[in-house]
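Chains V and A, in that order, are what the protein sequence lines are.
Going by this note's numbering, the first sequence opens with residue 1, and the numbers climb by one from there.
Going by this note's numbering, the second sequence opens with residue 1, and the numbers climb by one from there.
Number of protein chains: 2
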Amino acid sequence: MPIIYLDQKEIPTHYYNVLPDLPKPLPAPLHPATRQPLGPQDLAPIFPMELIKQEMSAESQIEIPEEVRLAYQLYRPSPLIRAKRLEKELGTPAKIYYKYEGVSPVGSHKLNTSLAQAYYNRQEGVRRLATETGAGQWGSALSFACNYFGQECMIYMVRNSFETKPYRKVMMNIYGAECIPSPSDQTEAGKKIRKEHPNTPGSLGIAISEAVEDAFARGDTKYSLGSVLNHVLLHQTIIGLEAKKQMEMAGDYPDIIIGCHGGGSNFGGIALPFLADKLKGKKPKLRAIAAEPKSCPTLTEGKYEYDFGDTAGLTPLMMMYTLGHDFIPSPIHAGGLRYHGASPIISLLNKEKLIEAVAYDQKEIFTAAVKFAKNQGIIPAPESAHAIKAAFDEAEKCRQSGEQKTILFNLSGHGHFDMSAYQEFLSGNIN
Amino acid sequence: MPIIYLDQKEIPTHYYNVLPDLPKPLPAPLHPATRQPLGPQDLAPIFPMELIKQEMSAESQIEIPEEVRLAYQLYRPSPLIRAKRLEKELGTPAKIYYKYEGVSPVGSHKLNTSLAQAYYNRQEGVRRLATETGAGQWGSALSFACNYFGQECMIYMVRNSFETKPYRKVMMNIYGAECIPSPSDQTEAGKKIRKEHPNTPGSLGIAISEAVEDAFARGDTKYSLGSVLNHVLLHQTIIGLEAKKQMEMAGDYPDIIIGCHGGGSNFGGIALPFLADKLKGKKPKLRAIAAEPKSCPTLTEGKYEYDFGDTAGLTPLMMMYTLGHDFIPSPIHAGGLRYHGASPIISLLNKEKLIEAVAYDQKEIFTAAVKFAKNQGIIPAPESAHAIKAAFDEAEKCRQSGEQKTILFNLSGHGHFDMSAYQEFLSGNIN
């Protein structure tokens, strides 16, 4: 049967923490002022202590709190789907599976970590969270999570996406959150950028600066990040952990795992629980492919070095692939992938050649997205379409070689709020 | 566990046909010109013979073709959800379940019948289908179904919805269909209305006239209807049939079943398989409630009489509750419920007091929709929000009386393409 459902009793009880299994320790993040390695206390003004602990934990398994598991039951486990009809259309002997995170009520995998983050913050008495959002998937997810756990939520949304995707703001408002375009005039970082670049489309790096400043400036607020950090990838491993059980139910195991790549949380979420087998020597040939946009080619063309996570230089410096913290990517439609940096975990794996990265242009990914939608029905988010394109390419290689490989990709979200981008593509305006 | 998944092996093999179980036969439809009872041959120009047979069938069980069941596996069975968190917020002793049809890739239950209709048409060599759509849910559904079975698709979309929900057209275009606003200048019916009412927002009745005329005028095209007719309700019984299995898995049976009501297909889809038990004397106290908009109060304020299904008088006359075939409802946001008539099956059940009907205004249903979204995450279609409001009202009665009734409603679709309506509501512009 194409859809492999997992019973809710099978929702994982623990997240998988890859840190102790990495081939070498992650280089420590550095303090933005002193450039000395950070201690937990340096992060305390912006994160609750439990998330700071997770950020540095040496435990392989971290228990998912009961209340978070209950919240996951609103939409998890997400389905794993064997796309036989697609295999047929592509004429490939490969087996194609995808995990569909668009069943989340906010439309993407982002809710997996927002619920955990809102919970841990609430446990430590935080009554308000501030964050940035690109395409709006993360902002929607944190809005609902804050509403769920009874907190206020403030969203700085990258101006380009704010203007082209106005309905994402409505969604955040429905969940009770406030959402304003970034750069805004509510923070010093925002004002400075607006003065220097009055027509800037904004970027995730700028919006992060604003949200971090917001959290620093107020005693009742902490900051929340939707990707990049170790604890975010940790929470997203629920995707891969479920997928492992579902692949087992299907009697299969992937040869190739694919996720789109912006900050690294959806790619890490699907890949890390499988990569654990590779890191432990059990699946030496397993390939994991991160698919990113050519206009923001962090892993394929960035440098592996210490850089800030934001534009203003308020965050710690992290060792990662980066295009430079002042890099402002062109306003492409896959707003969720417009980030100059990458998760330190994914960066290390890329540096060590334990994963691969590919980059695609907009026309390629929309062509793949429409082909997928016509075949499977689901209209993918442009971000997720990068993973689809990579899966198509691998399936095509199998068609040519005759190999029956098993491909698993993460369909991280639907494209219901990206219709203006599809409209442009169908009108021939994306080249 | 809140979500009750059914395995794909449990997708029903047969639709449930209520016709032989009705307390009296349905009054025959009449020919629009002669006003004599219709024979199968009268319908042959616009429908394939298999659907005409289903329209008049005396068989209780009608087998779902293998290929249609395979297509259903793209998204079915849909989940049944026990909304414990909602019960708690409402402070009700009632148990609230909902069947969620928004998991369909096109966003609503409409795909259940469009796949069947496209299939039967293809079996009889029809290469193009024409239809109308209100809010766009049906148009999207038929677009994907035609693409799936290799047919062309032509959609006449009610002008008001075409303008306020432009992204629905993009969705239909992604699936390869053509979509134009109705009334259009491509049909005589459309031209006549535009001449008489240049600023008309359009209506389903007008759009039906255009699509029927399109089918009559071309030898290669048949007409497809998204609600009202017996065969449409027949296909939608897959919702209630699955829900019966899922309620059984939950060890429960509904006291009250609720669906929103436009033409009757989603209400009939969830209710008829349960009403079968009532019609057979097994569940005499079972209540079924159809929830409609006050601005288009077909069941609550219409007359039970013979009327045309469309505005121009091209369709057969059917015995049904109607507001008059020239009734043009105000341009409310729940475009899918803007229909002057009702399904003959639902009309007979309403006339015989075997079901109940209630009507709500827009402010009431959006208030309920936002409350639901904040609690369950899912942002409902405004149409479906009518069912939510009715469920809230019944839950409130239980709170007051202390009765622990079991309420089941159909959440027929998501509201991802209705954000401008939510925006108006949140801005205080819906009163």
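Glycine is no exception: its CB is placed at the ideal position from the N, C-alpha and C atoms.
As the structure is a prediction and not an experimental result, all values here were calculated from the model.
DSSP bridge partner residues for residue i (one or two, in chain order)
i, result
"E242(A)", "Paired residues: none, contrary to the question."
"L426(A)", "Per DSSP, none; premise fails for L426(A)."
"M157(V)", "T133(V) and P181(V)"
"Y321(V)", "Y304(V)"
"A359(V)", "E292(V)"
"E63(V)", "H14(V)"
"Y97(V)", "R82(V) and L408(V)"
"P37(V)", "L30(V)"
"H414(V)", "P380(V)"
"E152(A)", "R128(A)"
"I432(A)", "It is not possible to answer for residue 432(A), since the shown part of chain A is limited to 1 through 431."
Any C-beta of chain V under 7 Å from that of residue i
i, result
"F144(A)", "yes"
"A373(A)", "yes"
"Y167(A)", "yes"
"N147(A)", "yes"
"H14(A)", "no"
"L86(A)", "no"
"V158(A)", "no"
"H31(A)", "no"
Proximal residues of chain V, C-beta to C-beta of residue i below 9 Å
i, result
"M319(A)", "Residues of chain V passing the Cβ test: none, with the nearest at roughly 36 Å."
"H416(A)", "G107, Y167, M171, H414, H416 and F417"
Start-to-end residues for the beta strand (DSSP E) that takes in residue i
i, result
"G259(A)", "I256 to C260"
"K222(V)", "T221 to Y223"
Within chain A, partners of residue i - CB distance below 9 Å
i, result
"F409(V)", "In chain order: nothing, as chain A lies at least about 17 Å away."
8 Å Cβ cut-off: residues of chain A touching residue i
i, result
"V370(V)", "I174"
"D7(V)", "M1 and Y5"
"V106(V)", "G377"
"V358(V)", "By Cβ distance, chain A contributes nothing, its closest Cβ being about 25 Å from V358(V), past 8 Å."
Per-residue burial, residue i [other beta carbons within 10 Å of its own, 16 or more giving buried]
i, result
"A391(V)", "buried"
"S140(A)", "buried"
"E403(V)", "exposed"
"Q400(V)", "exposed"
"P344(A)", "buried"
"A357(A)", "buried"
"S330(V)", "exposed"
"R35(A)", "exposed"
"R168(V)", "buried"
"E242(A)", "buried"
"G39(A)", "exposed"
"R218(A)", "exposed"
7 Å Cβ cutoff, residue i in contact with chain A
i, result
"M56(V)", "no"
"Q423(V)", "yes"
"M419(V)", "yes"
"L426(V)", "yes"
Span of the alpha helix (DSSP H), counted from its first residue to its last, around residue i
i, result
"P499(V)", "Given that chain V is displayed from residue 1 to residue 431, the structure contains no residue 499(V) and the question cannot be resolved."
"T113(V)", "L111 to Q123"
"Y72(V)", "E66 to Y72"
"L411(V)", "No alpha helix (DSSP H) contains L411(V), which is instead part of the beta strand (DSSP E) from T406 to L411."
"N173(A)", "P166 to I174"
"S347(A)", "P344 to K351"
"G269(A)", "S265 to L279"
"V212(A)", "L204 to A217"
"Q54(V)", "M49 to E55"
"R194(A)", "E188 to E196"
Neighbour list for residue i in chain V, Cβ cutoff strictly below 7 Å
i, result
"Y75(A)", "G377"
"V103(A)", "V103"
8 Å Cβ cut-off: residues of chain V touching residue i
i, result
"V68(A)", "Within chain V, no residue comes near V68(A); the closest Cβ sits about 14 Å away, beyond 8 Å."
Per-residue contacts from residue i into chain A (C-beta, under 7 Å)
i, result
"M433(V)", "Since the first and last residues shown for chain V are 1 and 431, residue 433(V) lies out of range."
Distance cut-off 6 Å: residue i Cβ against heavy atoms of the ligand MN
i, result
"A177(A)", "In the structure shown, the ligand MN is absent, as is every other ligand, since no ligand is present at all."
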